[in-house]
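Step one of this worksheet: look at the structure below.
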Amino acid sequence: MSQLQQYRYFKKHEKRVQKLLKKQASLTGPSPDLDLFYDLLAGYKIIEGLFHEHDTQVKTQIEQLQNRVRELEKQLSLGPENSHKPPSTSRFKKIKNQRVKSGKKPGGQKGHRGTAPELEAHPDAVVRYEPQKCRECGRPLKKVPDSEVQCWQVVDIKDGKSFVTEHQRVTKFCPDCGEMSRGDLPNESPWRHARKTFGPAVKSVALYFVGYQLVPVARTQEIMSDLFGVRLSQGTLCNFMSDVSKKLKSWEISVKSQLIRSTILHVDETGIRCAKRGDWAHVVSNEKLTLLAHHESRGAIAQKDIGVLPEYRGHLVRDGFKSYDQFDACSPFVL
Ligand SMILES: [Zn+2]
25 MSQLQQYRYF KKHEKRVQKL LKKQASLTGP SPDLDLFYDL LAGYKIIEGL
75 FHEHDTQVKT QIEQLQNRVR ELEKQLSLGP ENSHKPPSTS RFKKIKNQRV
125 KSGKKPGGQK GHRGTAPELE AHPDAVVRYE PQKCRECGRP LKKVPDSEVQ
175 CWQVVDIKDG KSFVTEHQRV TKFCPDCGEM SRGDLPNESP WRHARKTFGP
225 AVKSVALYFV GYQLVPVART QEIMSDLFGV RLSQGTLCNF MSDVSKKLKS
275 WEISVKSQLI RSTILHVDET GIRCAKRGDW AHVVSNEKLT LLAHHESRGA
325 IAQKDIGVLP EYRGHLVRDG FKSYDQFDAC SPFVL
């Protein structure tokens, strides 16, 4: 029996014990047992007080911890995966900028050499465009030294690694008449618009990762550098995306017209983070084609801009989002 249990036992039978002890005293004379009993009782009262105090402290601590756990669960655990809410209803938490301020002014710093791409000192291949003869007097210029060489480099992937081709346009001065002549560039010279450009293999692989596998731009930079030794800036990767999206415009129109002709279409939308805004990714698909479109709006404005649903006359498979109501030409399958 624990001390507390003993105390409770004494307390419960206090009157009975007193009575018995008094009876015994009246029969046998004064007994020290009654004083002993009260001493014991006082001792057990102190012990009970300590237990009670301890219990209260523990209880308070448990309550505090339970509240903390509830708070953390609320903050962390209620994502779209486990909150039983559709992802589209989740609001985005603003991510706190953890960057430590450098104390420098924003933008390029003093002494910075600018963003002009550096050319490779040792290209893998060189293609020279030299003037064969003086454009004024016709004197052969083959043995005349170069006066100026203008360079463009194209970085591509060959045999699984970076391959740099340098195009050189040579300028020469005629020793006889002093006229300047330049080499002719081929009609098809897509590299002429910048000193350093990237070839079709680099573009295809990078776009495959960013555009199809949805790998973030910074991670794609790492992939291109680690696997092929091709260094790309984030701006260059974004330019690839923008260029290819222009080239795919007619393909997009064709996909939309095929979706419009489908008997059944599935539509949905979900929230995405874009340029610090909460935008929307819209999907329109049939059994073969999937069109993903980005829009700042969630509802009918987006659907009108994307341009499939306003033309569609079939059955929609969709959720209960109200903006779809106006596009139900036939009875929809509402999920
Ligand atoms: Zn000449």
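In my numbering, the protein residues as written are 25 to 359. The beta carbon of each residue, even a glycine, is placed where N, CA and C say it ideally should be.
- Burial is judged here by how many other beta carbons sit within 10 angstroms of a residue's own beta carbon; TRP176 has at least 16 and is buried.
- Per the Cβ contact rule, the region 220–239 is not in contact with the region 155–168 (fewer than 3 Cβ pairs under 8 Å).
- The distance from the Cβ of VAL179 to that of SER186 is about 6 Å, consistent with a contact at the 8 Å cut-off.
- As computed with DSSP, CYS298 is found in a beta bridge with ARG301.
- Along the region 200–283, the beta strand (DSSP E) occurs as fully enclosed runs of 3 or more residues at 204–206, 220–222, listed in sequence order.
- Secondary-structure assignment with DSSP links ARG193 through a beta bridge to TYR153, GLN174.
- Distance from the Cα of LYS46 is smallest, within the candidate group LYS36, LYS35, ASP59, for ASP59.
- Annotation: ALA317 is outside any alpha helix (DSSP H); the continuous beta strand (DSSP E) that includes it extends over 314–319.
- For LYS98, there is no enclosing alpha helix (DSSP H), since its DSSP letter is neither H nor E.
- Not one heavy atom of ligand 1 lies closer than 8 Å to the C-beta of CYS175.
- Exclusion of ARG216 from the 8 Å shell around ligand 1 follows from its C-beta lying no nearer than that to any non-hydrogen atom of the ligand.
- When DSSP assignments are scanned along the region 42–89, no uninterrupted stretch of alpha helix (DSSP H) that is 4 or more residues long falls wholly within it.
- Closest in C-alpha terms to MET248, from the list ASN263, LYS227, SER266, GLY259, comes LYS227.
- Taken atom to atom, the span from the alpha-carbon of LEU65 to that of THR80 is near 22 Å.
- Less than 9 Å divides the Cβ of TYR336 from the Cβ of ILE284.
- Apart from the 5 residues on each side of it in sequence, THR189 sits with its Cβ closer than 6 Å to the Cβ of ALA149, VAL178 in its chain, given in chain order.
- Contact between CYS198 and GLU160 holds, since their C-beta atoms are separated by about 6 Å, short of 8 Å.
- The beta-bridge partner set that DSSP reports for LEU340 consists of LEU289.
- The criterion of a C-beta distance shorter than 9 Å is satisfied by PHE357 and LEU340.
- The beta carbon of GLN174 sits closer than 6 Å to those of ARG193, all from its chain and outside the five residues before and after it, given in chain order.
- The nearest non-hydrogen atom of ligand 1 is 8 Å or more from the C-beta of GLY223.
- Here the alpha carbon of HIS217 sits roughly 43 Å from the alpha carbon of HIS290.
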